[in-house]
């Protein structure tokens, strides 16, 4: 079974913001109407790597960790 490649060539901007006393990390990609991607369980924002290039063409994509 082949492993899934979660990486992407799309360059994003990452930063931390304080929310209710906790540091929250997020990354943004592209421009346009915002589209927020939230992973579940034990995932991370990296799991959206395969779809980011296409989504970032038309949206400001925000991934949250």
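Numbering (the numbering used here), first residue to last: 12 to 76.
By construction, the Cβ of each residue, glycine as well, lies at the ideal position given by its N, Cα and C atoms.
These numbers come from a predicted model, not from an experiment.
When the options are compared against residue i, the one with the closest alpha-carbon
i, options, result
"residue 71", "40, 27, 58", "40"
"residue 20", "64, 42, 27", "64"
"residue 37", "66, 57, 67", "57"
"residue 73", "44, 54, 53", "44"
Enclosing beta strand (DSSP E) for residue i [first to last residue]
i, result
"residue 24", "24 to 30"
"residue 35", "33 to 40"
Range of the contiguous alpha helix (DSSP H) that encloses residue i
i, result
"residue 63", "63 to 66"
Rounded straight-line distance, which links the Cα of residue j to that of residue i
i, j, result
"residue 24", "residue 75", "12 Å"
"residue 35", "residue 55", "13 Å"
"residue 67", "residue 47", "11 Å"
Counterpart residues of residue i in DSSP-defined beta bridges
i, result
"residue 48", "74"
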